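For reference, the structure discussed in these notes is given below.
2 protein chains.
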Amino acid sequence: MTRARNMPPPIEEEWPAVCLVRPQMGENIGAVARVLLNFGLKSLRLVSPRDRWPNPKAEVVAVGADVVLKNAKVEWTLEDALSDATLVIAATARPRGLEKPVWSARETALNIRAALAQGERPVVMFGPEAAGMETEEIARADAILTLPVNPGFASLNLANAVAVFAFAYAEARQATELPSWFQSDSPPATQEELENLFLHLEQELEHGRFFHPMDKAPLMKRNLRSIFLRARLTQQEAQTMRGVIKALTIGRGGRKKDDPQD
Amino acid sequence: MTRARNMPPPIEEEWPAVCLVRPQMGENIGAVARVLLNFGLKSLRLVSPRDRWPNPKAEVVAVGADVVLKNAKVEWTLEDALSDATLVIAATARPRGLEKPVWSARETALNIRAALAQGERPVVMFGPEAAGMETEEIARADAILTLPVNPGFASLNLANAVAVFAFAYAEARQATELPSWFQSDSPPATQEELENLFLHLEQELEHGRFFHPMDKAPLMKRNLRSIFLRARLTQQEAQTMRGVIKALTIGRGGRKKDDPQD
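Sequences listed follow chains A and B, in order.
For the first sequence, position 235 (counting from the first letter as 1) is numbered 361 according to the working numbering, and the numbering increases by one without interruption.
For the second sequence, position 195 (counting from the first letter as 1) is numbered 321 according to the working numbering, and the numbering increases by one without interruption.
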């Protein structure tokens, strides 16, 4: 085995990935695969597809893009599907009650290009056909991709929504000037590292009875997560924050043994 | 009947129209209707759809956009479908051997907005699923809309291609600055007026044995048409050109009786 063989594939081939959250119809998954490849994208992730996988209906509609389906990464949870991502964008209507940057398709595409140049691993996620994503799912995103749809008839077909993003991304490939982006010498934290940070923080806050009234806890947690997501922590900073929490909680007694795993 | 009642609907409601040339699958026609309405467009034209019309499969897929299907204008020939258009854009790969401006989706959308502001009636046409448009069909266009597709896998699903245009158009609605456009105090010639001019010119040229060798005639005619299409004639200029042809041919004998109809 040569060293070259062990090298990971070039980052521009694998990223950005498109992640379909709980997709329902195989035909739509196939149509998404086709339009991704039409615009030169290859990485597809599926979270808990409704029907069995592999899905023959998807293969029929994908036409010549079966390679995208074959290489699709299928996970049961969104958490697993996003674990290695460092930049997550949710394609959805402007969400209520979540403080996130809202980007057009063009801004999303240019920001992804700029992020790739910094070594990030971006994922764009799209919700299921009928209901769209849950607020908790959208809350995982660093930013929102919103399309200028007719407010009276806003529900886009899944493949059409992906088509617009993939087109904007293909156009951005040709762009010569990229927006200035998060500058750092240290690699960005992955979703998994952030998730561990959040769990650690939330556990310690629960111990300190921070979340009251109890029914407000999910909202309070979401708002806390939003703050750290917006800060775009590096790996180093996520580690530092873990240390901060440990330092703040040490000596409260009885908690040090059950720190969440790293 | 009040005067207001007799007023035509505002021009921005009816234009641009999207024209599907020889579409095959009803599902695709329905998906096009849906995505048009998603992005606030309403005018659909169908040239010689393969299956019967109305098509129940189209209605199922259109979901809540049946109004777009119900109001779709169905014609047997592309000539009829474009007769009232003053600006025709063909969505296709960059054509060989046709001298036409080539526009991105964004340029197409901005040029359409600018053209509407000048009272033009723009139509964007999309070819059938498998084979695309014939060269003779593309030759009718003033400009080409080309998308940045993967050359190794370029064939877009019909509704996805329309989705990208409709999205770009919805974005252009929000644009504050429009490109400078064909300026004239006189209304632009319609496709029907141009067609009559071309037929008149071609008939007279045939009489003068202009087209030889015979097998080159279609190409020579197409190139001639391209010149006048690029010139973006006004109605007045199209009339003037008819007069020019008459003036040039008068006295050649035997032709004045069978001028093509106006």
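Where is the CB? At the ideal position from N, CA and C, for every residue including glycine.
For clarity, every value in this text was computed on a predicted model and none was experimentally measured.
- At a cut-off of 7 Å, the C-beta of B:Gly190 has a neighbouring C-beta in chain A.
- Only Leu273, Pro274 and Val275 from the segment 246-275 of chain A bring a Cβ to less than 8 Å from some Cβ of chain B.
- Note on the segment 142-224 of chain A: whole alpha helix (DSSP H) runs with a minimum of 4 residues are 152-164, 182-188, 192-196 and 204-207, in chain order.
- Distances from the alpha-carbon of A:Arg368 to those of A:Leu331, A:His333, A:Glu255 and A:His326 put A:His326 closest.
- Here A:Ile376 is exposed. Its C-beta has fewer than 16 other C-beta atoms within 10 Å.
- In the DSSP annotation of this structure, the continuous segment of the beta strand (DSSP E) that includes B:Phe252 starts and ends at Pro248 to Phe252.
- Distance from the CA atom of B:Gln317 to the CA atom of B:Ala292, rounded to whole angstroms, is 23 Å.
- Straight through space, the alpha carbons of A:Phe337 and A:Met346 are spaced by roughly 7 Å.
- Contact check for A:Leu167 and A:Val144: beta-carbon distance about 7 Å, within the 8 Å limit, so the pair qualifies.
- The straight-line gap separating the alpha-carbon atoms of B:Asn322 and B:Glu332 is approximately 15 Å.
- Looking at the DSSP output, A:Ile270 bridges to A:Ala216 and A:Val228.
- At least one CB atom of chain B sits nearer than 7 Å to the CB of A:Leu282.
- In the DSSP assignment, B:Lys372 falls within the alpha helix (DSSP H) that extends over Gln361 to Thr375.
- Inter-residue distance for B:Ala287 and A:Gln150 is about 23 Å (C-alpha atoms, whole angstroms).
- Neighbours of B:Asn286 across chain A, judged by C-beta separation under 7 Å: Val161, Ala285, Asn286 and Ala289.
- In the DSSP annotation of this structure, B:Gln244 is not part of any alpha helix (DSSP H), being labelled neither H nor E.
- A:Pro344 sits exposed, since fewer than 16 C-beta atoms from the chains shown fall within 10 Å of its C-beta.
- It is roughly 16 Å from the alpha-carbon of A:Val370 to the alpha-carbon of A:Ala357.
- When the alpha-carbon of A:Arg351 is set against those of A:Lys372, A:Gln362, A:Glu319 and A:Gly334, the nearest one is in A:Glu319.
- Using beta-carbon distances, B:Glu153 does not count as an interface residue toward chain A, since no partner is under 7 Å.
- The alpha-carbon separation between B:Gln300 and B:Lys372 amounts to approximately 47 Å.
- Contact annotation: B:Val228 and B:Arg220 have beta-carbon atoms nearer than 7 Å.
- Three or more beta-carbon pairs drawn from the segment 176-186 of chain B and the segment 151-161 of chain B are found closer than 8 Å, and the two stretches are therefore classed as touching.
- Pairing B:Pro305 with B:Ala240 gives a Cβ-Cβ distance under 7 Å.
- Within the same chain, and ignoring the five residues on either side of B:Ala188 in sequence, the residues whose Cβ sits closer than 6 Å to its Cβ are Gly156, Ala159, Arg160 and Leu195.
- Taken through DSSP and simplified to helix, strand or coil, A:Pro314 comes out as strand.
- Per DSSP, A:Ala357 is one residue of the alpha helix (DSSP H) stretching across Ala343 to Ala357.
- Take B:Gln361, set aside five residues on each side of it, and the residues of its chain with a beta-carbon closer than 8 Å to its own are Ser312, Pro313, Pro314, Ala315, Thr316 and Glu319, in chain order.
- When secondary structure is reduced to three states using DSSP, B:Ala257 falls in the coil class, being assigned neither helix nor strand.
- For B:Asn164, at least one C-beta of chain A is nearer than 7 Å to its own C-beta.
- The closest CA to that of A:Asp206, considering only A:Ala296, A:Ser174 and A:Lys226, is found on A:Ser174.
- The beta carbon of A:Phe165 is closer than 7 Å to those of Ala292, Phe293, Tyr295 and Ala296 in its chain, skipping five residues each way along the sequence.
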